[in-house]
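Taken in order, these protein sequences are the chains called A and B. Residue numbers for the first sequence, in the working numbering: 112 to 223. Residue numbers for the second sequence, in the working numbering: 10 to 121. Heads up, the beta-carbon is just placed ideally off N, CA and C, and yes, glycines get one too. Only one structure is covered here, and it is reproduced in the block below.
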Amino acid sequence: AQTVTQSQPEMSVQEAETVTLSCTYDTSESDYYLFWYKQPPSRQMILVIRQEAYKQQNATENRFSVNFQKAAKSFSLKISDSQLGDAAMYFCAYNENNDMRFGAGTRLTVKP
Amino acid sequence: DTGVSQNPRHKITKRGQNVTFRCDPISEHNRLYWYRQTLGQGPEFLTYFQNEAQLEKSRLLSDRFSAERPKGSFSTLEIQRTEQGDSAMYLCASSLPRYGYTFGSGTRLTVV
């Protein structure tokens, strides 16, 4: 069974600084997809970034980038130039072919 | 098409009553998923459909839960004889295979 582990229940970052959220996963497959989702308070889940396991190049979306280490089964999210609007729960997720499995989440606080 | 729509947004019911939630996915998406999310946790997979076929069900989906997607478009999730432990946010998402999910805003169920 695939499991996703987020070891940081809470993280805090100063506005305009950089923060990295950690995620590890367990799988025996070689072809899969990894995602980071953002869930602001009382709002719906939003896809932040997506990584295909067969691609060695790390995905980047504006201020969001990932560090994908396939051998280590690690998939961290880096948020650069943090903004107040980045405050939210962040969920790492694994998808092979069918349903997506989520980690327990990291609550990110952005300090002005 | 403005995204995934879920109704109702909130539902308060007495223990033992039956409730039904509806999800309208993005029309081009052939996959539809139901998740349950409790406070401070990541979404937990319940079931998913490809078109009208229900392809996978979690062990979390007891026999009091049933989901349908009769014409491969909208889906309903019914909970019979609700229990207090059923109180949670019920999330629906849709996708094309191997793409990130688009989530609805969820239905928050409170069983009193």
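- Judged by DSSP in its simplified three-state form, L219 (chain A) adopts strand.
- Between Q15 (chain B) and chain A, the shortest Cβ-Cβ separation is not below 7 angstroms.
- Only those residues of the segment 74 to 105 of chain B whose C-beta falls short of 9 angstroms from the nearest C-beta of chain A are listed: L100, A102 and S104.
- Contact note: L158 (chain A) reaches chain B through G109, Y110 and T111, using a C-beta cutoff of 8 angstroms and chain order.
- Put simply, the CB of G25 (chain B) is far from chain A, with every gap to its CB atoms at 7 angstroms or more.
- Under the three-state reduction of DSSP output, D197 (chain A) falls in the helix class.
- The residues Q117, in chain order, have a CB closer than 6 angstroms to that of A215 (chain A) in the same chain once the five nearest residues on each side in sequence are set aside.
- If you draw a straight line from the Cα of K23 (chain B) to the Cα of A102 (chain B), it comes to about 27 angstroms.
- With respect to the 7 angstroms criterion, Q150 (chain A) and T217 (chain A) are not classified as neighbours on the basis of their beta carbons.
- Interface flag for Q63 (chain B) against chain A is unset, since no Cβ pair is found closer than 7 angstroms.
- Residues E140 and Y143 of the same chain have their beta carbon placed closer than 6 angstroms to that of E207 (chain A), with the five preceding and five following residues left out of the count.
- Look at D192 (chain A) here: in three-state DSSP terms it is coil, with no helix or strand label.
- Rounded to the nearest angstrom, the gap between the Cα atoms of G12 (chain B) and K222 (chain A) is 32 angstroms.
- Per the Cβ contact rule, the segment 81 to 99 of chain B is in contact with the segment 23 to 34 of chain B (3 or more Cβ pairs under 8 angstroms).
- In this model, R78 (chain B) and H38 (chain B) are separated by some 13 angstroms (Cα to Cα).
- Contacts between F213 (chain A) and chain B, judged by CB atoms closer than 7 angstroms, involve G51 and P52 in chain order.
- In this structure T91 (chain B) is buried. Its beta-carbon is surrounded by 16 or more other beta-carbon atoms within 10 angstroms.
- Between W147 (chain A) and L188 (chain A), the gap from beta carbon to beta carbon is short of 7 angstroms.
- Proximity to S185 (chain A) across A:M122, A:L158 and A:L145 peaks at A:L145, based on C-alpha coordinates.
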